[in-house]
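Trainee: Residue numbers for the sequence shown follow our numbering, so the first one is 87 and each next one is one higher. Just so it is clear, CB atoms sit at the ideal spot from N, CA and C, and this is done for glycine as well. Small disclaimer: the values here were computed from a predicted structure and weren't measured. I'd like to ask some things about the structure below.
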Amino acid sequence: MTARSLLFGTCLVAAISVLSPWAILVVKGSQLTSNAIPIIAIFLLFLVTVVLQPILRWLGDRGAFTRPELITIYVMMLVGSVVVTTGFAGTFLSVITGAVYYATPENDWNSLFVPYLSRWLTPDDTQAIRLFYEGLPKGQVIPWESWVRPLVTWISFILVFYWTLFCIGVILRGQWVENERLVFPLTRLPLAMVEEPAKGSEGERSLVARLFTNRVMWMGFAIPLLIHSWNSLGNYSDAFQKLPLSGTMALLPGLVTVPVRLNLPVLGLAYLMPLNVAFSVWFFFAIGVLQTLIFARLGIQIGTGDVWNSGGGAPSILHQSAGGMMVFVLFLLWTARSHIRGLWRQARGQQAIDGREVLSPRLAFGGLAMGYLFLLAWLTASGLSPYVAFLLLTGALGAFIGLSRVVAEAGLPSCQTPMVPQAFITRGFGPEVLGLKNMTGLGLSTVWIGETAANMMNAVIHSLKLTTDEEGSGRYRLMPLAMAIAVVVGIAGSVWFTMEMAYTYGGINLHSWYYGGAPRWPFEYMKSVHGAPEPFLPRLGFTGIGAAVMGTLLFLRHRFIWWPLHPIGFPIANTYTIVYYGWLSIFLAWMIKSVVLRYGGIAVYRALQPFFLGLILGEFTTACLWVFLDGIYGFEGNMIFNF
Numbered sequence: 087m088t089a090r091s092l093l094f095g096t097c098l099v100a101a102i103s104v105l106s107p108w109a110i111l112v113v114k115g116s117q118l119t120s121n122a123i124p125i126i127a128i129f130l131l132f133l134v135t136v137v138l139q140p141i142l143r144w145l146g147d148r149g150a151f152t153r154p155e156l157i158t159i160y161v162m163m164l165v166g167s168v169v170v171t172t173g174f175a176g177t178f179l180s181v182i183t184g185a186v187y188y189a190t191p192e193n194d195w196n197s198l199f200v201p202y203l204s205r206w207l208t209p210d211d212t213q214a215i216r217l218f219y220e221g222l223p224k225g226q227v228i229p230w231e232s233w234v235r236p237l238v239t240w241i242s243f244i245l246v247f248y249w250t251l252f253c254i255g256v257i258l259r260g261q262w263v264e265n266e267r268l269v270f271p272l273t274r275l276p277l278a279m280v281e282e283p284a285k286g287s288e289g290e291r292s293l294v295a296r297l298f299t300n301r302v303m304w305m306g307f308a309i310p311l312l313i314h315s316w317n318s319l320g321n322y323s324d325a326f327q328k329l330p331l332s333g334t335m336a337l338l339p340g341l342v343t344v345p346v347r348l349n350l351p352v353l354g355l356a357y358l359m360p361l362n363v364a365f366s367v368w369f370f371f372a373i374g375v376l377q378t379l380i381f382a383r384l385g386i387q388i389g390t391g392d393v394w395n396s397g398g399g400a401p402s403i404l405h406q407s408a409g410g411m412m413v414f415v416l417f418l419l420w421t422a423r424s425h426i427r428g429l430w431r432q433a434r435g436q437q438a439i440d441g442r443e444v445l446s447p448r449l450a451f452g453g454l455a456m457g458y459l460f461l462l463a464w465l466t467a468s469g470l471s472p473y474v475a476f477l478l479l480t481g482a483l484g485a486f487i488g489l490s491r492v493v494a495e496a497g498l499p500s501c502q503t504p505m506v507p508q509a510f511i512t513r514g515f516g517p518e519v520l521g522l523k524n525m526t527g528l529g530l531s532t533v534w535i536g537e538t539a540a541n542m543m544n545a546v547i548h549s550l551k552l553t554t555d556e557e558g559s560g561r562y563r564l565m566p567l568a569m570a571i572a573v574v575v576g577i578a579g580s581v582w583f584t585m586e587m588a589y590t591y592g593g594i595n596l597h598s599w600y601y602g603g604a605p606r607w608p609f610e611y612m613k614s615v616h617g618a619p620e621p622f623l624p625r626l627g628f629t630g631i632g633a634a635v636m637g638t639l640l641f642l643r644h645r646f647i648w649w650p651l652h653p654i655g656f657p658i659a660n661t662y663t664i665v666y667y668g669w670l671s672i673f674l675a676w677m678i679k680s681v682v683l684r685y686g687g688i689a690v691y692r693a694l695q696p697f698f699l700g701l702i703l704g705e706f707t708t709a710c711l712w713v714f715l716d717g718i719y720g721f722e723g724n725m726i727f728n729f
């Protein structure tokens, strides 16, 4: 890592912190930073490697960025992208003010929740909150003084939370990267883009990486470029009739409908998945649909849906998935016990430090312990009972560990938990035990454990994978500093821009979800549970079934080599992103890869990889280009990529 790569990466993160919220709030276009492989980061890396790098190499080979420098720049964008919209800043300001702004005599939030909002968690000036949603009158300025205390309080929490996740990532890196050798499909494209150019037959070095000289890649690139550009032009002229890429399939009219969508980047990424993982995802999705059909026909229902429950299936399905995820996380920690024990010995000085981690084992374990205790104390001070704070924090860390493992192994660009800890805690203890103070705190916690698709643990573990080479991580010792700068710059830029947009135009005029759905949903859910509690035993029963199924799958996978079902598909196959955006593309990729490997062998499979990388790069590039074009011409709602 060099000073210029750090400076250049910081500038790109600052740009992302403005461009991403602008794309959502103003253009209402593609989600640029909503997943584990942010499309704006790939697009900017594409511009650097095919435009800037050739210019620098033409001026003099020494002036071009080296591979480690490009990896540093990408890692900073990867980490910084998490916080700018979906992962934090997008809903942060609206969730901490939503209970106050949307309180009415009808919903009675002023007596249910508002009294339990601590002054240091939300602005105490109701006028400042109202203007945030409705916009400032001409001549007035943003009342920053009303926001200083909650901004400092919440950002302090989120920074320590990210630090804790980073320490966990450092502890688990060796197990996942070196011992288990997970494939990390999401790193394939950026690594191919930053590859050093090969020398030609005459000894001259190319100006771009080998990927960009591959005609097969450009064929894949052209498909999403042409399709989405044609459809986007249809927004401006009736001469371009849109090509349908999505629809629905009614299996039981009025009761069960399955979304159908061809998602080209998911098709490309699923081609890179291990074959058994891709098979397991669509197989367990099909099992979930079959179970939904049977339950709908028989009228079996265990209750209403839960807040942030992924929206992908019925409560019975999602509770099974949640039980599976719990067992999966415990299994991950159990299989990593020898590795963790070795790091613990290094931390205590009982074993020589191998120097392969970007943090020393002592700092990683100490940072994890101190971070966990700080977060626990913060949550307790915010109004949660100690046992609720413990369950919420532990559940959140476990959820992010599980998700990051799924993404590292399966390469899904967007992956959500079947349930968030708040829902399980609320249903499990009920309003009588929890009380309104705990329920208010659980509602506010959706700031940091609500939308789980874009989460810091994914970015951390992939960054640590990218910065591992044959000689260890020696040349990336300052990477934690680069990642910290990216997070701080991302938060500062996105919070500032979001405040500017909200107070200028009025939040409710910008985006129906970020300023309408997200701030109301947690408290509407808490009010519904408070007013009409439901029995928890049926939910717990299905959670137990899911745990038993996952335990069986894990046993069979590690007992029998021939076992075809990978356990990773079970907990995520019926979550929102798979159901609505991914299952068909994963099925098609599995089918294509099966045929290629059967009749063409590994050589043909590798020869076709650039084509599928082109599908990914082509869609991401097209989505970003049309965000900018739509912004220039004032068109709203052209969402090419949303996964």
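Could you tell me the distance, in whole angstroms, from the CA atom of P619 to the CA atom of L164?
Mentor: If you take the alpha carbons of P619 and L164, they lie about 41 Å apart.
Trainee: Going by the beta-carbon positions, is the gap between I672 and V344 smaller than 8 Å?
Mentor: For I672 and V344, no; Cβs fall outside 8 Å.
Trainee: Given a cut-off of 8 Å, decide if Y219 and G603 are closer than it, judged by their beta-carbon atoms.
Mentor: For G603 and Y219, no; Cβs fall outside 8 Å.
Trainee: Let's test the definition: count the other Cβ atoms within 10 Å of the Cβ of W534 and tell me whether it reaches 16, buried, or not, exposed.
Mentor: With 16 or more other Cβ atoms within 10 Å, it is buried.
Trainee: Measuring only the C-alpha atoms, how far is G255 from V546?
Mentor: Cα to Cα, the separation comes out at about 6 Å.
Trainee: What residue ranges within the region 176-249 form continuous alpha helix (DSSP H) runs of no fewer than 4 residues, ordered along the chain?
Mentor: Counting whole runs of 4 or more residues, the region 176-249 contains the alpha helix (DSSP H) stretches 195-198 and 212-220.
Trainee: Grab me the residues of Y591's own chain with a C-beta within less than 7 Å of its C-beta, minus the 5 sequence neighbours each way, in chain order.
Mentor: Result list for Y591: G221, in chain order.
Trainee: Output yes or no for whether 8 Å exceeds the beta carbon distance between G529 and F609.
Mentor: Result yes, Cβ atoms of G529 and F609 sit closer than 8 Å.
Trainee: Sort I102, T88, L92 and M87 by Cα distance to C710 and report the nearest one.
Mentor: Taking only the C-alpha atoms, the option nearest C710 is I102.
Trainee: Counting contacts by CB-CB distance shorter than 8 Å, is P447 in contact with chain B?
Mentor: The question asks about chain B, but that chain is absent: this structure has only one protein chain.
Trainee: Thinking C-beta only, is W430 closer than 8 Å to F414?
Mentor: Cβ distance not < 8 Å, so F414 and W430 don't count as in contact.
Trainee: What span of residues does the alpha helix (DSSP H) with R54 cover, start to end?
Mentor: In this structure the chain extends from 87 to 729, so residue 54 is not present and cannot be described.
Trainee: Using a Cβ-Cβ cutoff of less than 6 Å, which residues in the same chain neighbour F721 once the five nearest sequence positions on both sides are dropped?
Mentor: Same-chain partners within the cutoff: N321.
Trainee: For L419, which of G410, S91, G488 and G385 has the nearest alpha-carbon?
Mentor: If we check each option's Cα against that of L419, G488 comes out closest.
Trainee: Strictly by DSSP, which residues pair up with V169?
Mentor: Answer is none; V169 lacks a bridge partner.
Trainee: Just how far apart, CA to CA, sit R383 and G399?
Mentor: C-alpha separation (whole angstroms): 15 Å.
Trainee: Please determine if the region 170-177 and the region 106-115 are in contact, where contact requires at least 3 C-beta pairs separated by less than 8 Å.
Mentor: Contact between the region 170-177 and the region 106-115 is present, because at least three Cβ pairs lie under 8 Å.
Trainee: The ligand FAD and Y187: does the residue's C-beta get closer than 7 Å to at least one heavy atom of that ligand?
Mentor: In the structure on display, the ligand FAD does not appear, and there are no ligands present to speak of.
Trainee: Within its chain, find whatever has a CB closer than 8 Å to the CB of T183; leave out the 5 residues flanking it on each side and keep chain order.
Mentor: Correct list, in chain order: T208, P209, I215, F218, Y219 and P605.
Trainee: Assuming the contact rule is C-beta atoms closer than 8 Å, L703 and L338 should be a hit. Round their C-beta distance to whole Å, please.
Mentor: The pair is not a contact, with the Cβ atoms about 39 Å apart (cut-off 8 Å).
Trainee: Any idea what DSSP makes of S671, helix, strand or coil?
Mentor: In this structure, S671 counts as helix in the three-state DSSP scheme.
Trainee: Pick out the complete alpha helix (DSSP H) segments inside the region 586-635, 4 residues or longer, and give them in chain order.
Mentor: Listed in chain order, the complete alpha helix (DSSP H) runs (minimum 4 residues) inside the region 586-635 are 604-617.
Trainee: Rounded to the nearest angstrom, what separates T532 and V200 at their Cα positions?
Mentor: Whole-angstrom Cα-Cα distance: 16 Å.
Trainee: Taking a contact to mean a Cβ-Cβ separation below 8 Å, would you say F80 touches I654 in this structure?
Mentor: The question about residue 80 has no answer here: the residues shown for the chain are numbered 87 through 729.
Trainee: For the beta strand (DSSP E) that contains A336, what are its first and last residues?
Mentor: Taken as a continuous stretch (DSSP letters only), the beta strand (DSSP E) holding A336 covers S332 to L338.
Trainee: Under the rule that 16 or more other beta-carbon atoms within 10 Å means buried, what is P447, buried or exposed?
Mentor: By the neighbour-count rule (16 or more Cβ atoms within 10 Å), P447 is buried.
Trainee: Got a sec? Which residues, its chain only, sit under 7 Å from N300 by beta carbon, not counting five neighbours each side?
Mentor: Closer than 7 Å at Cβ, skipping near neighbours: P696.
Trainee: Pull up the CB-CB distance for P650 and S407, whole angstroms please, since I reckon it's below 8 Å.
Mentor: Not quite, the Cβ-Cβ distance comes to about 20 Å (not below 8 Å), so this is no contact.
Trainee: At the level of alpha carbons, what is the spacing between V573 and L550?
Mentor: In a straight line, the C-alpha of V573 is about 16 Å away from that of L550.
Trainee: Once the 5 residues before and after V136 are set aside, which same chain residues still bring their CB inside 7 Å of it?
Mentor: Excluding sequence neighbours, V136 sits near V294 and F298.
Trainee: Can you have a look at Y685 and say buried or exposed, based on whether 16 or more other CB atoms are within 10 angstroms of its CB?
Mentor: Per the 10 Å Cβ criterion, exposed.
Trainee: Looking only at C-alpha atoms, which of G576, L416 and H405 sits nearest to T390?
Mentor: When each option's Cα is compared against that of T390, the closest is H405.
Trainee: Out of L478, R563, V519 and L312, which has the shortest C-alpha to C-alpha gap to T88?
Mentor: T88 has its Cα closest to that of R563, out of L478, R563, V519 and L312.
Trainee: Rounded to whole angstroms, what's the CA-CA distance from L379 to A336? Just pull it up for me.
Mentor: Answer to the nearest angstrom: the Cα atoms are 11 Å apart.
Trainee: Kindly indicate which three-state DSSP category F727 falls into: helix, strand or coil?
Mentor: Of the three classes helix, strand and coil, the one that applies to F727 here is coil, per DSSP.
Trainee: Measure the alpha-carbon distance for L522 versus Y202 and round it to whole angstroms.
Mentor: Each residue's Cα considered, the two are about 8 Å apart.
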